[in-house]
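Peer 1:
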Amino acid sequence: MKRSLRLSKWLRYTFMAEDDRLAPHLPKTKLLTSKALRKMMKKYGQVILKPEIGSRGSGVILVSRLENKRYEIHIDKKKKTKRGFSRMYRYIKKLIGSGKYMVQQRVQLAEIRNRPFDIRVMVQRKKSSDSWKVTGKVAKVAGKGYIVTNNERSKGTLLTVESAIQKSSLKHLSEKSILSEIKRVALLSAQRLTDRYPDHRMFGMDMGVDPNGHIWIIEANRLPMTSHFRKLKDQTMYRRIMRYKKG
1 MKRSLRLSKW
11 LRYTFMAEDD
21 RLAPHLPKTK
31 LLTSKALRKM
41 MKKYGQVILK
51 PEIGSRGSGV
61 ILVSRLENKR
71 YEIHIDKKKK
81 TKRGFSRMYR
91 YIKKLIGSGK
101 YMVQQRVQLA
111 EIRNRPFDIR
121 VMVQRKKSSD
131 SWKVTGKVAK
141 VAGKGYIVTN
151 NERSKGTLLT
161 VESAIQKSSL
171 KHLSEKSILS
181 EIKRVALLSA
191 QRLTDRYPDH
201 RMFGMDMGVD
211 PNGHIWIIEA
221 NRLPMTSHFR
231 KLKDQTMYRR
241 IMRYKKG
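Numbering of the sequence shown is given in my numbering, commencing with residue 1 and proceeding in unit increments.
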């Protein structure tokens, strides 16, 4: 398989969306065109634009529809307002250049002190096994003023998932149910992706929980970084991830 196909988030999304068990957990996503963006803005009011091939939250843009035909474009900590769809789209095309982008329904993530967080879930299997295991999970809280939760990019914080739920807008929901559903969806995702990447042994699932407790698959990473887990005070998950990585 060509490198560009291996790294394509769009191909991973479409492959996973074909599975009826995973489809309800995937935000609606299209390849970015003027027509697709107009349609998605009309339906959702807020969308995320992200590179088809990219990592660490680089190039991620939030577009929000305001009153009087105005649109807000939010990238990193910077915000820009444009009046009219055509002006907004031209501005975005100037920002992203010739890079291929996707437009995705913006999922309303649970928050801690008005900062959204998502969860990196590591799913791995050993060389001699077809059985996938969740080997680690950590909550990534966005830095102040940022839309991305990437720890380095937004100067955010890392928490255990249990601690994040307890401190967040989800604390009135069942922690046990949320953790169980995260595990179920993560394992289903890895099993599905095995059909496309039969020799692959590790995926990093970026998952979100909305205010109602519904689990979303924001992104499936083929080459996930392990640095989040190395930064935690308790190194148990990091050691387990590295053991599985070795085989």
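All residues carry an ideal CB built from backbone N, CA and C; glycine is no exception.
Here's a check: name, in chain order, each residue in its chain whose Cβ is nearer than 6 Å to the Cβ of residue 7, leaving out the five neighbours to either side.
Peer 2: As a first step, residue 7 is located in the sequence shown; it is residue number 7 there, counting from the start. Result list for residue 7: 53, in chain order.
Peer 1: Can you pull the DSSP bridge partners for residue 159?
Peer 2: One-based indexing of the sequence shown puts residue 159 at position 159. Residue 159 is bridged to 139.
Peer 1: What are the start and end residues of the beta strand (DSSP E) that includes residue 219?
Peer 2: Reading the sequence shown from its first residue, position 219 is the one you call residue 219. That run of the beta strand (DSSP E) goes 215-221.
Peer 1: Helix, strand or coil: which one does DSSP assign to residue 197?
Peer 2: Looking up residue 197 in the sequence shown gives position 197. In the structure shown, residue 197 sits in coil (DSSP, three-state: anything other than H, G, I, E or B).
Peer 1: What residues in its chain sit with their C-beta under 6 Å from that of residue 185, if we drop five residues either side in the sequence?
Peer 2: One-based indexing of the sequence shown puts residue 185 at position 185. Cβ neighbours of residue 185 beyond the five flanking positions: 25 and 215.
Peer 1: Look up residue 226 in the DSSP assignment and say whether it is helix, strand or coil.
Peer 2: Here the question's residue 226 lines up with position 226 in the sequence shown. The answer is coil: DSSP assigns residue 226 none of H, G, I, E or B.
Peer 1: Could you have a look at residue 67 and say whether DSSP puts it in helix, strand or coil?
Peer 2: Counting from 1 along the sequence shown, the entry for residue 67 is found at position 67. Residue 67: coil per DSSP, three-state reduction.
Peer 1: So, under 8 Å CB-CB, residue 111 and residue 177 are touching, yes? Tell me the CB distance rounded to an integer number of Å.
Peer 2: The count along the sequence shown starts at 1 and reaches residue 111 at position 111. The count along the sequence shown starts at 1 and reaches residue 177 at position 177. At roughly 19 Å, the Cβ-Cβ gap does not stay under 8 Å, so residue 111 and residue 177 are not in contact.
Peer 1: DSSP three-state call for residue 241: helix, strand or coil?
Peer 2: Counting from one through the sequence shown, the residue named residue 241 turns up at place 241. DSSP places residue 241 in helix when its eight states are reduced to three.
Peer 1: Can you tell me where the alpha helix (DSSP H) holding residue 14 begins and where it ends?
Peer 2: Along the sequence shown, one-based indexing puts residue 14 at 14. Taken as a continuous stretch (DSSP letters only), the alpha helix (DSSP H) holding residue 14 covers 9-17.
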